[in-house]
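Visitor: Could you have a look at this structure, given as structure tokens, before my questions?
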Amino acid sequence: MTLSFRTRFAPSPTGYLHLGHVASALHAQQMACGGAYHVRIEDCDQMRCRPLFSVALEEDLRWLGLWPQGAVRRQSEHKHEYHAVLAQLRERGLLYPCRCTRAEIRAASGGRYAPDGSVYYAGSCRGRCYDAAGDSVVWRLDMQRALDVVQEEPGWWEYGRGRIMGQAAAFGDVVLARRDTGVSYHLCVTHDDALLGINRVTRGMDMFAVTSVHRVLQVLMGWPEPEYAHHALIMETDGRKLSKRDGAMGVRVLRAEGWSAEAVLAHPHVRCVLGDNVRVSFGRCARD
Ligand code: GLU
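Its first residue numbered 3, the sequence shown is counted upward by one per residue in the working numbering.
Written as structure tokens, this is what we have:
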């Protein structure tokens, strides 16, 4: 029996498509193993995301043959759905408002960091009562309370590796609703993966650690547990992740230089991430 999956490529339109995206989209398409491959535009952060990049993204993905046939979900059109989840979690006493500034968070952290490299939040606002919890707050998940409900640190199944142990406690009280957007990546991504029936989450290794947090949300909300397939990242020689600022690796630049779509898909950096066929290499690939 051949298994097929529902996978997704979920870019944020904050710049033009580069080879890292191409590898990610191709990885998602290949990891579906003949099943459904979705594209989801993660554009809730309207300060950083631009319609111009959204349009360019679609154009470039179409050119590469990586634009799916079905509907494409745009998160900015669904904020009310994320607010409904927040309301539920709030009613269950799992969220609390926080007014700490960055400087206060850093000072209270004692130099501690979460596994994703963010400053650990020491829980200064936990248990505090605000008269009017208005727009000037962020909403945090009370992680200890959440783990008490969940009863264990939920792990996940990683393609090519097997069972991975979760470490959500080490993240502390993560933000589920940001001050500026009213939502958060963790919230939107887990909600949408469940809604779209994604059963194999395909994305870069930079999201490997935060999967622990996503698993807690999935268990809390009764959403199904997907399998995960994180792929290697294309790194700059100085160790940075390839970013949208690295124009030389941009799809538009390569296209203007005369590269065909097939050649871009077979670019050594893309092959380096994906390995031969659908085998994913977990090491980091440096640009030569
Ligand atoms: N939108 C995220 C990004 O562009 C990807 C999130 C995910 O795949 O889970 O980095």
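By construction, the Cβ of each residue, glycine as well, lies at the ideal position given by its N, Cα and C atoms.
Using the rule of at least 16 other Cβ atoms within 10 Å of the residue's Cβ for burial, across every protein chain shown, is residue 281 buried or exposed?
Guide: The predicted position of residue 281 is uncertain, since its pLDDT is 38 and thus under 50; a value taken from the coordinates is nonetheless stated next. Label assigned to residue 281: exposed.
Visitor: The ligand GLU and residue 229: does any heavy atom of the ligand fall closer than 7 Å to the residue's C-beta?
Guide: Every heavy atom of the ligand GLU is 7 Å or more from the Cβ of residue 229, so no.
Visitor: May I ask you to list the residues that DSSP assigns as paired with residue 143?
Guide: 97
Visitor: Of all the options 80, 18, 71, 58, which has the alpha carbon lying nearest to the alpha carbon of residue 31?
Guide: 71
Visitor: Skipping 5 residues on each side, what residues in its chain have a beta carbon closer than 8 Å to that of residue 111?
Guide: 121, 122, 123, 124
Visitor: The alpha helix (DSSP H) that contains residue 65, what's its start and end?
Guide: 53-66
Visitor: Can you name the start and end residues of the alpha helix (DSSP H) that residue 219 belongs to?
Guide: 213-223
Visitor: Tell me the residue span of the alpha helix (DSSP H) that contains residue 264.
Guide: 263-267
Visitor: Helix, strand or coil for residue 160? Go by DSSP, reduced to three states.
Guide: strand
Visitor: May I ask whether a heavy atom of the ligand PLP can be found less than 7 Å away from the beta carbon of residue 264?
Guide: Ligands present in the displayed structure are limited to the ligand GLU, and the ligand PLP is not among them.
Visitor: Measuring CB to CB, does residue 192 end up less than 8 Å from residue 159?
Guide: no
Visitor: Is residue 202 close to the ligand GLU? I mean its beta-carbon at under 7 Å from any heavy atom of the ligand.
Guide: Because no heavy atom of the ligand GLU lies under 7 Å away, the Cβ of residue 202 does not count as near it: no.
Visitor: Taking C-alpha atoms, which residue in 12, 108, 63, 97 lies nearest to residue 141?
Guide: 97
Visitor: Check whether the Cβ atoms of residue 6 and residue 36 sit closer than 8 Å, and answer yes or no.
Guide: Less than 8 Å divides the Cβ of residue 6 from the Cβ of residue 36.
Visitor: Taking 7 Å as the line, does the beta carbon of residue 179 fall inside it for any heavy atom of the ligand GLU?
Guide: no
Visitor: Verify whether the separation of the beta carbon atoms of residue 22 and residue 236 is less than 8 Å.
Guide: yes
Visitor: What residue range is occupied by the uninterrupted alpha helix (DSSP H) comprising residue 106?
Guide: 104-111
Visitor: Leaving aside the five residues before and after residue 105 along the sequence, list all residues of the same chain whose C-beta is less than 8 Å from its C-beta, in chain order.
Guide: Within the same chain, residue 105 has no close Cβ partners at all.
Visitor: Is DSSP giving residue 257 helix, strand or coil here?
Guide: helix
Visitor: Output needed for residue 199: all residues of its chain with C-beta closer than 6 Å, excluding positions within five of it in sequence on either side, in chain order.
Guide: 8
Visitor: Nearest to residue 99 by alpha carbon, out of 79, 76, 129, 80?
Guide: Relative to the Cα of residue 99, the nearest Cα in the group 79, 76, 129, 80 belongs to 129.
Visitor: Can you say whether residue 49 is buried or exposed, counting buried as having 16 or more other CB atoms within 10 angstroms of its CB?
Guide: exposed
Visitor: Quick one: using the 10 Å Cβ neighbour count with 16 as the cut-off for buried, is residue 309 buried or exposed?
Guide: Examination of residue 309 is not possible in this model, given that the chain is present from 3 through 290 alone.
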